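There are 2 protein chains.
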Amino acid sequence: MATGRTHRPATRSRGIPEATVARLPLYLRALTALSERSVPTVSSEELAAAAGVNSAKLRKDFSYLGSYGTRGVGYDVEYLVYQISRELGLTQDWPVVIVGIGNLGAALANYGGFSARGFRVAALIDADPAMAGKPVAGMSVQHTDDLEKIIEENGVSIGVIATPAGAAQQVSERLIAAGVTSILNFAPTVLSVPDGVDVRKVDLSIELQILAFHEQRKAGEEAAAAASEPGSAVGGAAPAAAVVPPAGRTAAEARKGGPEGDVPAVMPA
Amino acid sequence: MATGRTHRPATRSRGIPEATVARLPLYLRALTALSERSVPTVSSEELAAAAGVNSAKLRKDFSYLGSYGTRGVGYDVEYLVYQISRELGLTQDWPVVIVGIGNLGAALANYGGFSARGFRVAALIDADPAMAGKPVAGMSVQHTDDLEKIIEENGVSIGVIATPAGAAQQVSERLIAAGVTSILNFAPTVLSVPDGVDVRKVDLSIELQILAFHEQRKAGEEAAAAASEPGSAVGGAAPAAAVVPPAGRTAAEARKGGPEGDVPAVMPA
DNA sequence: CAATCTTTGTGCACGCGTTCACAAAGGCAT
DNA sequence: ATGCCTTTGTGAACGCGTGCACAAAGATTG
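One line per chain: the protein sequences are A and B, in this order. Quick note, in the working numbering, the first sequence goes up one by one and the last residue is 274. Quick note, in the working numbering, the second sequence goes up one by one and the last residue is 274.
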């Protein structure tokens, strides 16, 4: 997952919990797939499985939107698709601009998932004069000088920042001044924005670091389990491991233990 | 933020809350910046501001790692960098493979943030035979046929999936069978994986949809506020809006209201 | 060495989110 | 029409995460 909203901490907008809002797109995707297969209705159990969540959670989530199900039957797929789309505001067209057309910006521009959901890339903007005019994803890249004009002429309220970290804050300020009130930030920086502006941050490096943490923990548990052979080693530490076939883990095994000889903290206190 | 961990729901590993783990990379980044400026110590207040979090939260987070601060002074930057790095497992080198070298995969391969944090791109893998041998980000793309061999020879335990949605599940199964136990998934699909495997999902489209929800809500509040001019309109609905200059919002304004004439639910119950 | 000032570390309370478990609701068969 | 079976919608309990507020700890100054 991309990490963390910023500002607007406990906004529970319109009574719909933030956590539920974050799951609606997930449900919508699963429902769209069902819709394409012409499935007429779906139970909370089935849909929950498809979306990878608990069925009780799904029902509670839907209950915030209203009573759109039929007891004994399930939910009407088409109707639910429409209701969720409407709730998320996807029945309207959202023009977005992407600022910073490097590798990532170009990838985003080419990403098909945007247009499929009511988002339209209105413009690609880059600070490099050499980029201006170049075609990316079928559009011509425009220069940062025209940023304000582009935002205003297209009624853009959502901006995507894919610039280097150093430029992100300044870009966000210009976007906001021009009328943008929601920002999706891919730059590895904490943006400071005024109240009323939503920022969501996607940070690839952070995601990997979180995985590394769990990975290290797994390696530690594994090592501890191996060390104290059978027998209850620790208190409530789950058995874990031993599920996945120990394929080519040898290399990883050998690598363990960084500088300063102490073991990377294997066990709870 | 990328959305949602999968599996391993409430794992509180080693006593460190999941929420804290997710913030450690954030602190680490702020600390690294301080370190580069040769700042010797930093208070929880300063560091919290730099990381964009509450200072009490930061102190509590650090308290899970141990008592690394000095009362009356603050935290030693270098020491804290080391401790967090160690906790996150970044003192060791993590080889990762990227599967699916399309626009996004190529962008990831070129992303500098990986190598800067102990992650090393061990291989780029694609299913298209035409891609094999092509240079991307200074490495030669390899074919999916060799996936298992690559994983095992390099001791890879972290895989990044940047394939189309249709291929993601199958790729994940092959990765896992070959020994990968952590996956960063960029494909818009819910992966089903066995216990013991961590999956984190980054979904660009979902992030935008969440922004759209809030954006719509803001537009709704704005409209409602304009409709009932001054005077307390609703109960606790914050004033909001009126902060950002009403630039080119007209286009967005006019677009409101999808099919089926009812207003998109503006007010709380 | 004592007083003062700064900043950490944490006990506590509160609120959000998740999950269980069940009653109410509706379809369907007889 | 009646009873059974399925599935929703939700009340209630629980646990995690957050933030306040303060006591303890250490530095610093006189």
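All C-beta atoms in this analysis are idealised placements derived from N, C-alpha and C, irrespective of residue type, glycine included. For clarity, every value in this text was computed on a predicted model and none was experimentally measured.
Nonlocal neighbours in the same chain, by C-beta distance under 8 Å from residue i, ignoring five residues either side
i: A111/B; result: V141, A142
i: Y69/A; result: G20, I21, P22, T25
i: P251/B; result: At P251/B, the pLDDT of 32 sits below 50, so the modelled position is not reliable; the number obtained from the coordinates is stated separately. Excluding positions up to five away in sequence, the list is empty.
i: S40/A; result: V82, E83, V86
i: L109/B; result: A167, F191
Pairwise C-alpha distance: residue j and residue i
i: A192/B; j: V126/B; result: 19 Å
i: P244/B; j: E220/B; result: The predicted model places P244/B with a pLDDT of 32, which falls under 50 and marks its position as unreliable, so this point remains unresolved.
i: A229/A; j: K139/A; result: 56 Å
i: M144/B; j: L152/B; result: 15 Å
i: R3/B; j: A170/A; result: This structure cannot settle anything about residue 3/B, because the visible part of chain B is limited to 6 through 274.
i: V161/B; j: A35/A; result: 31 Å
i: D200/B; j: Q214/B; result: 30 Å
i: A217/A; j: E158/A; result: 45 Å
i: E178/B; j: G118/A; result: 24 Å
i: A232/B; j: A128/B; result: 58 Å
i: D150/B; j: Q88/B; result: 40 Å
i: L113/B; j: L196/A; result: 22 Å
i: A54/A; j: R205/A; result: 27 Å
Residue i: contacting residues in chain A (beta-carbon distance under 8 Å)
i: Q214/B; result: L29, P30, L33, L93, L95, R122
i: R76/B; result: Under the 8 Å cutoff, chain A gives no residues; its nearest Cβ is about 22 Å from R76/B.
i: R205/B; result: M6, E212, I215, L216
Proximal residues to residue i (C-beta, below 6 Å), its chain only, five neighbours per side dropped
i: V176/A; result: V104, I166, T168
i: A173/A; result: I166, A192, T194
i: D81/A; result: T46
i: A242/B; result: Legend: pLDDT at A242/B = 32, less than 50; position of this residue unreliable, value from coordinates given subsequently. Here the set comprises nothing.
i: G164/B; result: V102, L180, V185, I188
i: G74/A; result: Y80
i: R64/B; result: S49
Cβ neighbour criterion (16 or more within 10 Å) applied to residue i
i: T25/B; result: buried
i: G71/A; result: exposed
i: E92/B; result: buried
i: T186/A; result: buried
i: D66/B; result: buried
i: D203/B; result: buried
i: R42/B; result: exposed
i: A56/B; result: buried
i: V198/A; result: buried
Neighbour list for residue i in chain A, Cβ cutoff strictly below 9 Å
i: E50/B; result: Here the premise fails: no neighbours, minimum Cβ distance about 15 Å.
Partners in chain B for residue i, counting only beta-carbon separations shorter than 9 Å
i: P193/A; result: R34, G118
i: L152/A; result: Under the 9 Å cutoff, chain B gives no residues; its nearest Cβ is about 12 Å from L152/A.
CA nearest to the CA of residue i, picked from the options
i: T194/B; options: A38/A, Q97/A, L152/A, D200/A; result: A38/A
i: A137/B; options: S48/B, A183/B, Q147/B; result: Q147/B
i: P30/B; options: E227/A, I106/A, I211/A; result: I211/A
i: S49/B; options: I188/B, K154/B, N59/B, S162/B; result: N59/B
i: L85/A; options: G117/A, K223/A, L52/A; result: L52/A
i: K62/B; options: R28/B, R42/B, N159/B, Q88/B; result: R28/B
i: A132/A; options: G107/A, I156/A, S162/A, G160/A; result: G107/A
i: D130/A; options: V198/A, K154/A, S120/A; result: Note that residue 130/A corresponds to Ile in the displayed sequence, not to Asp. The residue with the shortest Cα to Cα distance from I130/A is K154/A.
i: P100/A; options: S40/A, D150/A, A121/A; result: A121/A
i: V78/A; options: Y87/A, Q88/A, V44/A, L109/A; result: V44/A
i: A183/B; options: R64/B, A54/B, I156/B; result: I156/B
7 Å CB neighbourhood of residue i in its chain, flanking five on each side removed
i: S90/A; result: L33, T96
i: L209/A; result: none
i: D98/A; result: G123, R125
i: P134/B; result: H148
i: N115/A; result: A142
i: G94/A; result: none
Contacts that residue i makes with chain B (C-beta to C-beta distance below 8 Å)
i: Q221/A; result: L93, G94, Q97
i: I166/A; result: Result: empty, since nearest Cβ-Cβ is about 12 Å, beyond 8 Å.
i: A111/A; result: N108, A112
i: I163/A; result: L213, L216, A217, E220
Listed by chain order, chain B residues near residue i by CB distance under 7 Å
i: L189/A; result: E212, L213, L216
i: T37/A; result: Residues of chain B passing the Cβ test: none, with the nearest at roughly 11 Å.
i: L129/A; result: Within 7 Å Cβ-Cβ: nothing; L129/A doesn't reach chain B, min ~13 Å.
Under 7 Å from the C-beta of residue i: neighbouring residues of chain A
i: V26/B; result: I215, F218
i: L63/B; result: Correct list: empty, because the minimum Cβ distance to chain A is about 13 Å.
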